[in-house]
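Here is the structure we will look at.
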Amino acid sequence: MKKKQLVSALCATVLSASLLFGCGSANSNPADASAADSAEAAAVTQEDKAEVEMEAAAASYDHEAIENAGDITITMMVSGTAAENDFETEILPELVHEKWPNLTLEVTKLPDDNYYTSLKTKLASGECPDIILTQPMYAGQNSCYALAEAGYLTPLNDMDFVAKMPDLSAVTYDGQLVSATNSVSILGTYYNKDIFEKAGITAVPASWDEFIEDCEKIKAAGYTPIVMGDKDQYVLQFGLYQIAANEIYPNNDKYDEQLRTGETSFTDAGTWDTVLEMYNQLYENGYIDASQSLGYGASQAITDFVDGKAAMTFDGSFNAAAILAEGEGGAFERGYFPIPAKDGNTHTATCLSAGYSIYSGSEYIDECKEVIDYWFDGESDVWNAYVDTGRFIVTYGNGSDNIPNADLFAPFISLLNENKGYHWCNQAWPAGTETTMEELFSEMIGGQGTTVEDITLGMQDKFEDLLED
Amino acid sequence: MKKSKNISLVFNNKMYLFLIPSMLFFLILWVYPVLQLFYYSFTNFNGINYNYDFVGLKNYVKIFENGTLVNSVGNTLIYTVIVVVFSNVLGLAVAMALNAKIFLKGFFRTCAYFPALFSAIVVGFIWSYVYMPGSGMIANLIEVFGGQGSAFNPLGNFHTALFAIAIVEIWKSFGTTMIIYLAGLQTVDESLLEAGRIDGCSEWQVMRFIKLPLISSTVTINVILNVIAGLKAFDYSFIMTNGGPGKSTKTLMFQIYEIAFTDQKMGRASAFSVVSFIVIIAITAIMLFVMNKREVEL
Amino acid sequence: MFGIKKEEREADTYLKLSGKVILLYLAIVLFCILVIAPLVIVFSSSLRHVANQSSPLLLFREFTVESYITAFKNMNYPMELLNSLITTGGSVLVVVVIATMAAYPIGRIKSKLARFLYVFFISGLVIPSQMVIVPVAQTFSRLRIPNTRFTPMLMFITCSLPFSVFLFTGFMKGIPVEIEEAAYIDGSSIFRRYSVIVFPLLKPAIISTVITQGLWIWNDYFYPMVFISKKAQYSLPVGMLQFLGDKENPAQWNVLFAACVLCALPLIIIFLLLQKQFVNGIAAGAVKG
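Chains as they are written, first to last, in our numbering: chain A, 1 to 469; chain B, 1001 to 1298; chain C, 2001 to 2289.
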């Protein structure tokens, strides 16, 4: 539920309006998908998309591979912390085994950092599991682009679920679909409606100034406005990317692409300096207490929120289950809103979720495809169990029109339907850029004399350094 | 005598055959990978893509150019010094106390050694609880005694985080150090100490000028073992702080790990490894040299 | 060995209570409390009901094995325990055999080559495993060694060699050469001399190796984590990784702490049962080596 998922899923282009609510129609007829796409952008995307569809039409894989195989074991490795009755490690293998008694799915779940290390080592030793969790584009250390470039991922263009997804460009490398994903992930602000009421706040803030005013009211009412677990530095991204979606991309939706060509820079005035200053304001005004948050773990911050000790926390849709749990604070009502923009024209930081890739060296490529297609078919038991976890905002099939926690996600979905969504920034950056951002930002709020200029300069240096070679 | 051994019939060169199994392991799984690191340090290998190029000394130039090397070496040295000094001072003090004829000393020894039995990951869990602000052990204790528990946040503070994880290392490792000192002290001949006392030495003088010199080789081994452990520090930065806040607990090994796995610059990480390998060997060798010399002087 | 006997003999002649001695006791007791306080709290919490979230400082108010049962199931304890036993036992066994063999020529032959080999092995001590993990994985790939439960053992054996060889070589010097010279005259082969004379005489060093190397191998999570793909082959510390997300979540502490105790339990039992061998083993390694 951590970095992986955050560093995870992002889409390079604006999410298509059809993605969530429009998907019913888009799904029923795959051809509609391209129509919906046309609203959206980048010529590159169109080309990728066209290629995906062409190849999908050209050939299909063996849909009877498992049935014709003897007893086989497929291995799968994902990242995260296994929960009780965990979907990936318990339910999925069980249901798959029910469907194909001759198939054993062996799933390993490792904490993020350990997952990355294991993945690299296993790739280097040629012992990679058959199915691995990868992230869209360049995000993170299991980015599907980097792995695809090295030839580790099997093209998935011929899979059945492809027709159900309107836009898979963020997981398509060089015309090849390399990661199977079916949901989106949102970054937002969870809030405690009771505390908001007690502080005299009647509606969620519509602009940044209102947001600040609300924080002030909450503080005046004697509550902690925002709790964050900055000891796990990746959580800094939860707030920063929301602000970036408001303040950077609406002015230039090619900002990240232009970073790579040198047309833009992190040091450009009115871009990251604004974002970092805005986020820092929350610390300077004491809405987030840096002296506390820097020693707080991410799960501890969630616990505090659930216990009713703070009014808000920035987190992703993937942590919804943990955030909605009942704690010492009782069953207070919780809401979710995107950090509002300065000019009130708010966008949401939303993107494709992390997906599942098939290792190119796998002995069971077609078998893996069969498993994933069964899981992704929108109606199987596996699918239903997957949706029931409440961690995934699926875009088609059972549950797409009544996703668990639909009320919670409603403000975001309406923004997406207005085409007001941008990817999570690190998706377009080489992995490591965000680490530098987090480090330097921590130094700034930790009173180390680091300034906003130092951070943007550091990010730019790191970005250029990582792109070299 | 010595000469005859050089051309010994009993211990002839056929004995080298005994080295074969261990050499196979060591050369294939340790020496060869290390040589590979040297090789990669001249390339832009990213750890996953085998289409890499040679880049000459660029990786070495880079690590000296940006501040990462200085920061991580600094952190590692501070960490090592703290661990070495406190592990040894505490270990020796406790060993001396337990070497006296006191009641229940076996029990005390067990208590002091106990933490050494736990896996680093379990120790990381336990101390995450101990240090946790708000509901952790120390924070709770402070509150029991009427203080402000929420203000206690050692891992969240730039000035204390490194010390906090060094304390964890000391907690885990000092028991071993103590046991080694205890064994060293038990080899000391009591009559020598008695002679010193009769000659009018104070207890301090007995310790400083008789006991300490007699266990100097034990001091050397403890210091060296702690120095090596300190320079290789990785676990608690990895499990407890993830290098943070900021860069304040990034040790040499953590930094290498991050460059290799987060930044995906295996080539640069290899160069970093080669440099730190040399640094570690140099420090250990100098320490050994200095301490051996001191042993003789003492 | 000598130290222990001396200690026992003195058992009935404790220091007389004087001001200084009382101060000494106070200091020791206080220090021990400081050291084991976290462990006591961990143990006390592990004996509480899973859902009990009152402050862990309220010691031993509840006694139930509920948290242990939960942790036991979550970890699949019997399986992980067995894996840990196999991995540690197997690795230590191989290390003892091949390291004593390696130490034999290094300790006995007086030549520059032997001296070099000694330093060569010891230099392996300073290389951390995180540094070489990728090249090691590539080597496995080239040798077509698949990821099985034996793969991490190969690394455990390799990483234990430097210290073990160092230890055995040190001990070897203390074994008089005369016995072997006599055996040589009687016509014993080198192999026979090694197995019948030298190996048994190395017993203290062997105990020391088993304890010091067994301890770190048992506790290491890094190699099994990266070289094992099947959950059924997980050792205890790798199983503990699953709890990483719980470490700052007070709601999970009771189970987490029970898991911590379960993970260390086999070592605790061995330590308590074989305390003297344990303590002497650690000390002998360092002092004689």
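C-beta atoms are modelled at their ideal positions from N, C-alpha and C, and glycine is treated no differently. Model, not experiment: these values are computed from the prediction.
Under a CB-based cut-off of 8 Å, is residue i close to chain C?
i                          : result
glutamate 127 of chain A   : yes
glutamine 141 of chain A   : no
methionine 1207 of chain B : no
isoleucine 1280 of chain B : yes
cysteine 1111 of chain B   : yes
glycine 297 of chain A     : yes
glutamine 300 of chain A   : yes
alanine 1260 of chain B    : yes
valine 1094 of chain B     : yes
Can you tell which of the options has the C-alpha that lies nearest to the C-alpha of residue i?
i                             : options                                       : result
glycine 1047 of chain B       : A/Val78, A/Leu92, A/Ala82 and A/Leu123        : A/Leu123
aspartate 373 of chain A      : A/Lys462, A/Pro430, A/Ile72 and A/Met165      : A/Met165
methionine 2240 of chain C    : C/Asn2219, C/Ala2137 and C/Lys2230            : C/Asn2219
leucine 2023 of chain C       : B/Val1219, B/Val1188, B/Gly1056 and B/Ile1102 : B/Ile1102
valine 1084 of chain B        : B/Asp1263, B/Ile1198, B/Met1240 and B/Leu1231 : B/Leu1231
threonine 189 of chain A      : A/Tyr336, A/Pro111 and A/Thr172               : A/Tyr336
valine 1227 of chain B        : B/Ser1237, B/Phe1018 and B/Ala1166            : B/Ala1166
tryptophan 424 of chain A     : A/Gly140, A/Thr108 and A/Asn102               : A/Gly140
alanine 1271 of chain B       : B/Lys1062, B/Val1219, B/Ala1116 and B/Phe1174 : B/Lys1062
phenylalanine 2063 of chain C : C/Val2050, C/Lys2073, C/Met2075 and C/Asn2074 : C/Val2050
asparagine 102 of chain A     : A/Gln135, A/Asn68, A/Asp112 and A/Phe87       : A/Asn68
lysine 1247 of chain B        : B/Leu1024, B/Thr1068 and B/Val1034            : B/Thr1068
proline 1245 of chain B       : A/Ile248, A/Leu240, A/Asp232 and A/Asp256     : A/Asp232
glycine 1149 of chain B       : B/Gly1156, B/Asn1157, B/Asn1140 and B/Leu1155 : B/Asn1140
phenylalanine 1018 of chain B : C/Ala2102, C/Ile2086 and C/Val2021            : C/Ala2102
proline 136 of chain A        : A/Val235, A/Gln427, A/Asp465 and A/Met459     : A/Gln427
Terminal residues of the continuous beta strand (DSSP E) containing residue i?
i                          : result
valine 78 of chain A       : 72-79
asparagine 2152 of chain C : It is proline, not asparagine, that sits at residue 2152 of chain C in the sequence shown. Segment 2150-2174 is the alpha helix (DSSP H) holding proline 2152 of chain C; no beta strand (DSSP E) there.
glutamate 106 of chain A   : 103-110
glycine 316 of chain A     : 310-316
tyrosine 190 of chain A    : 183-192
Using beta carbons (cut-off 8 Å, strictly below), is residue i in contact with chain A?
i                          : result
asparagine 2249 of chain C : yes
glycine 1147 of chain B    : no
serine 1216 of chain B     : no
lysine 2073 of chain C     : no
leucine 2082 of chain C    : no
Could you confirm whether any beta carbon from chain B is found closer than 8 Å to the beta carbon of residue i?
i                          : result
tyrosine 241 of chain A    : no
aspartate 232 of chain A   : yes
methionine 2079 of chain C : no
tyrosine 2068 of chain C   : no
alanine 431 of chain A     : yes
glutamine 448 of chain A   : yes
valine 2210 of chain C     : no
leucine 2047 of chain C    : no
tyrosine 359 of chain A    : no
Tell me where the alpha helix (DSSP H) around residue i begins and ends.
i                          : result
aspartate 209 of chain A   : 208-220
threonine 303 of chain A   : 298-306
isoleucine 132 of chain A  : Taken as a continuous stretch (DSSP letters only), isoleucine 132 of chain A belongs to no alpha helix (DSSP H), being part of the beta strand (DSSP E) at 131-134.
aspartate 465 of chain A   : 452-467
isoleucine 1063 of chain B : 1058-1065
proline 166 of chain A     : Premise fails: proline 166 of chain A is in no alpha helix (DSSP H) and is neither H nor E.
proline 411 of chain A     : 406-417
isoleucine 2022 of chain C : 2019-2046
Since residue i and residue j are thought to touch, with beta carbons under 8 Å apart, how far apart are those beta carbons, to the nearest angstrom?
i                      : j                      : result
proline 404 of chain A : proline 338 of chain A : With a Cβ gap of about 20 Å, proline 404 of chain A and proline 338 of chain A do not count as contacting.
4 or more residues per run - each alpha helix (DSSP H) lying fully within the region 325-381 of chain A = 365-375
query = Which residues, taken in chain order from the region 1111-1142 of chain B, show a beta carbon closer than 8 Å to some beta carbon of chain F?
reply = Although the question refers to chain F, the structure presented lacks it and instead comprises the protein chains A, B and C.
task = Write down every uninterrupted run of the alpha helix (DSSP H) in the region 2088-2150 of chain C whose length is 4 residues or greater and which is fully enclosed by it, in chain order.
result = 2112-2123 and 2129-2142
ask   = At which residue ranges does the region 1200-1278 of chain B contain complete alpha helix (DSSP H) runs of 4 or more residues, listed in the order of the chain?
value = 1203-1206, 1216-1231 and 1252-1261
query = Taking only runs of the beta strand (DSSP E) that begin and end inside the region 2208-2284 of chain C, which ones reach a length of at least 3 residues, in chain order?
reply = none
inquiry  = Please give me, in chain order, every unbroken run of the alpha helix (DSSP H) with length at least 4 that falls completely inside the region 1153-1208 of chain B.
reply    = 1161-1186, 1190-1198 and 1203-1206
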